[in-house]
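Number of protein chains: 2
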Amino acid sequence: MLIQQPTLVINKKICKANIRRMAQKAFQNRVTFRPHFKTHQSHEVGNWFRKFGVKKITVSSVQMADYFAEDGWNDITIAFPLNILEINRINSLAKKVKLNLLFESLEVLEIAEKKLKHNVGAFIKIDTGYHRTGIPIENIEKIDQLVEGFVKAKKCQLEGFLTHSGNTYKSSSKEKIKNIYQNAINKLHALRKKYKEPFPKLIISVGDTPSHSIMDDFSHADEIRPGNFIFYDLMQSEFGVCKESNIASVLACPVVAKHEDRNQIVIYGGGIHFSKEQIQINNINCFGKLALLNEYDWELLNEFYPLVSTSQEHGIIQLDELLIKNINIGDIVAVIPVHSCLTVHQHEQFITETGKLFFKFK
Amino acid sequence: MLIQQPTLVINKKICKANIRRMAQKAFQNRVTFRPHFKTHQSHEVGNWFRKFGVKKITVSSVQMADYFAEDGWNDITIAFPLNILEINRINSLAKKVKLNLLFESLEVLEIAEKKLKHNVGAFIKIDTGYHRTGIPIENIEKIDQLVEGFVKAKKCQLEGFLTHSGNTYKSSSKEKIKNIYQNAINKLHALRKKYKEPFPKLIISVGDTPSHSIMDDFSHADEIRPGNFIFYDLMQSEFGVCKESNIASVLACPVVAKHEDRNQIVIYGGGIHFSKEQIQINNINCFGKLALLNEYDWELLNEFYPLVSTSQEHGIIQLDELLIKNINIGDIVAVIPVHSCLTVHQHEQFITETGKLFFKFK
């Protein structure tokens, strides 16, 4: 197997260490570990989780739920507001597996009750401060109304409250991340208490890589759903959520041109291979960071050589006078992506550090 | 056919008008029209070009060249620096079609001469100011060296100089765009003159949607390779390159949640459906602009309702008090993408305004 085009490379050893660390935390805290599989979108990587006792998973779309159901996963939470237009596909899926859906309005619950043919688990999506979606935790009236709906519901069985503190991704300090987590969990506890009657067994499900990576105490949650931690990325290492050595995926890209006048190389690897996610590092807007590729593994560099620009297929990496002499056209370099979830999504296959090729969901 | 998920919708009528306008300009200027097919990546849309006499095309990768060769296109320029690692695939392709490759170093030319099994057309990629790649037009020494290489070359037949003035995409005024074009063409003319001996028939190939859209006189070029103009997008309409009514593709997205407290709706449509390309409009960083969907066609809105945020699968559109009352969960809205090339790439199928479904390259 020879790399000829931009190719996703995944280090299985690092992945397994990342899984082990998170699985141990979950075990120590006696919380259910329901990892989000939207980051890797792969049967193969999914299998690596099974060995750590993982039986329940999270996905971000009905299609992705289908893909993992095909591989034997039978307890799946679709962590996206129920899209009533997909009800037929959801019905087919709910016939085969234990499916958990997210609700945040009575309106959608009532439609689901009419159109669902099988029982499903249900979570109320709560917005604890990220303000993407979910019922704002302060909007007790709307939560009351929805809980009331679940009392009467027959197909949708309320299992708990679910939140995604995505605001931790924008927090530059560990202290802020901890505060966001603690604040969310405290509020969710108060909410659960309020609805002890008629729902004595509701669980609290949380999930974001930044807080779950830097904290050790999740004893107040019942379930954690981190996803990104399997690979991490430049954003997470820059924010201090992981070390660069914890990053488990890079993009291997052929060098197609050298510009020694400006110490830049052009790689085959652009916006369609990395996504256009960007981050500011040392006041440089960048789309990735150079590492060196050794066959199918990579070596981190102390120096910061940023992927400074991407168009559809081209990428430009800023080197210096020294390094540009050591990189040639036809070489393949490794680039650490800014946001692994989005970069991984762009590829339908990946190679592991031992040179094995696997197909994934796309 | 019912839209249930984020779905690319293409208006064939507008596309044909866009093609006609560009084909007429090419005809009037007596230049070859070799459109870039990386924007639509579709056999079907490719066919719409045939009716305007188009026989030569441009693509951005070897894979894409393969895809169009399969549909009978037999004169293809791969407008990306030749990636020598893909030489086997290039050989298979060059056996079947007239293939044109881009060179910008003697080193790559020498490798190509050794490894190519069939004759190919060759262009020297010249950087006339965009500074992505190509030999800087001032670097006469390097151009001399490469031209000298082509004198001896047997497989690679030099056909001309090629440039992509991508800097026009960053120019906010028509005057600046015209100047970039004129400057590039003047320099390329001087270059061609210099190499009249031993190459009396070299052509000048240019290609960028902004300049080709706003200018009428291309009489100094021999070939134009615009791509984006087939669909245009929010970036082009914002820069005054096209009208919003010329935009020929939108993403149809289901509404999955409403947040009346902040006049926002959440759509099923995120970074993996739009790409993360963004643009500043009225000081708002946005990923798209709302339009209304009527079955498979859309209606432009005078007001600006931006797609203000996208994560992997979610998008948030900022409405106002009035409009939010008229959009409901389960509705499907249209969103004009910031950069159609990248958005279109994310999809493997599209629907036309008459409800016909077509698969495309992905």
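Residue numbers (our numbering), protein chains in the order written: chain E, 551 to 912; chain U, 551 to 912.
Built from N, CA and C at the ideal position, the CB exists for glycine as well.
Every value quoted in this text rests on a predicted model; they were computed, and no experiment measured them.
- Valine 658 of chain U sits in a helix when the DSSP states are folded into three classes.
- Any Cβ of chain E closer than 8 Å to the Cβ of arginine 775 of chain U would place that residue at the interface, and such an atom is absent.
- Along the stretch 824-847 of chain U, going in chain order, the ones with a CB nearer than 9 Å to a CB of chain E are Ser825, Lys826, Glu827 and Gln828.
- Counting along the chain, glutamate 849 of chain U sits inside no alpha helix (DSSP H); it lies in the beta strand (DSSP E) bounded by residues 847-849.
- In the structure shown, phenylalanine 711 of chain E falls within a strand segment according to DSSP collapsed to helix, strand and coil.
- The continuous alpha helix (DSSP H) containing cysteine 891 of chain U extends over residues 890-895.
- For the stretch 759-842 of chain E, the full-length beta strand (DSSP E) segments reaching 3 residues or more read 799-809, 814-818, 829-831 and 834-836 along the chain.
- Going by DSSP, aspartate 677 of chain E is part of the beta strand (DSSP E) stretching over 670-677.
- For cysteine 706 of chain U, the nearest beta carbon of chain E is not closer than 8 Å to its own beta carbon.
- Out of U:Ala802, U:Cys792 and U:Asn835, the CA that lies nearest to the CA of alanine 567 of chain U is found in U:Cys792.
- With the criterion set as a beta carbon lying under 7 Å from some beta carbon of chain U, the members of the stretch 875-903 of chain E are Ile879, Gly880, Cys891, Leu892 and His895, in sequence order.
- When beta bridges are read from the DSSP output, histidine 864 of chain U appears opposite U:Tyr818.
- At least one CB atom of chain E sits nearer than 8 Å to the CB of serine 610 of chain U.
- Taking all protein chains shown into account, aspartate 772 of chain U has 16 or more neighbouring C-beta atoms within 10 Å of its C-beta and is therefore buried.
- By alpha-carbon distance to isoleucine 661 of chain U, the top candidate from U:Ala629, U:Gln828, U:Lys704 and U:Ile879 is U:Lys704.
- With contacts defined as CB atoms closer than 8 Å, glutamine 868 of chain E and valine 883 of chain E fail to qualify as a contacting pair.
- Annotation for glutamine 554 of chain E: no alpha helix (DSSP H) segment contains it, and DSSP assigns it neither H nor E.
- Fully enclosed alpha helix (DSSP H) runs of no fewer than 4 residues occupy 690-702 of the stretch 679-733 of chain U, in order along the chain.
- DSSP places leucine 649 of chain E in the strand class (E or B) of the three-state scheme.
- The beta carbons of isoleucine 764 of chain U and isoleucine 727 of chain U sit closer together than 8 Å.
- Under the Cβ distance rule, leucine 635 of chain E counts among the residues neighbouring chain U, one pair being separated by less than 8 Å.
- Under the DSSP definition of a beta bridge, asparagine 844 of chain E partners with E:Asp847.
- Within chain E, Pro631, Glu654, Ser655, Val658, Lys675, Thr683 and Gly684 have C-beta atoms less than 9 Å from the C-beta of alanine 807 of chain U, given in sequence order.
- Residues of chain E with a Cβ closer than 7 Å to the Cβ of proline 804 of chain U are, in chain order, Asn633 and Leu635.
- Taking C-alpha positions only, glutamine 695 of chain E is separated from leucine 656 of chain E by approximately 7 Å.
- A contact between stretches requires three or more CB pairs, one per stretch, nearer than 8 Å, and the stretch 722-739 of chain E fails this requirement with the stretch 585-605 of chain E.
- DSSP, reduced to helix, strand and coil, places valine 604 of chain E outside both helices and strands of the structure shown, so it counts as coil.
- Under DSSP, valine 883 of chain E shares a beta bridge with E:Cys803 and E:Leu842.
- The beta-bridge partner set that DSSP reports for proline 631 of chain E consists of E:Leu652.
- For valine 581 of chain E, the three-state secondary structure derived from DSSP is coil.
- For serine 642 of chain U, the secondary structure class from DSSP, reduced to helix, strand or coil, is helix.
- Taking C-beta atoms as the reference points, glycine 684 of chain E and lysine 675 of chain E count as a pair closer than 8 Å.
- Here tyrosine 617 of chain E has Phe911 as same chain residues with Cβ atoms under 6 Å from its own Cβ, once five neighbours each way along the sequence are excluded.
- Within the same chain, Cβ atoms closer than 7 Å to the Cβ of isoleucine 822 of chain U are found at Gln862, Glu863 and Gln896, the five residues on either side in sequence being excluded.
- Neighbourhood of glutamate 863 of chain U in chain E, by CB distance below 7 Å: Ser610, Ser611 and Phe630, in chain order.
- Taking 8 Å as the upper bound for CB-CB distance, histidine 593 of chain U and valine 894 of chain U are not in contact here, some 14 Å apart.
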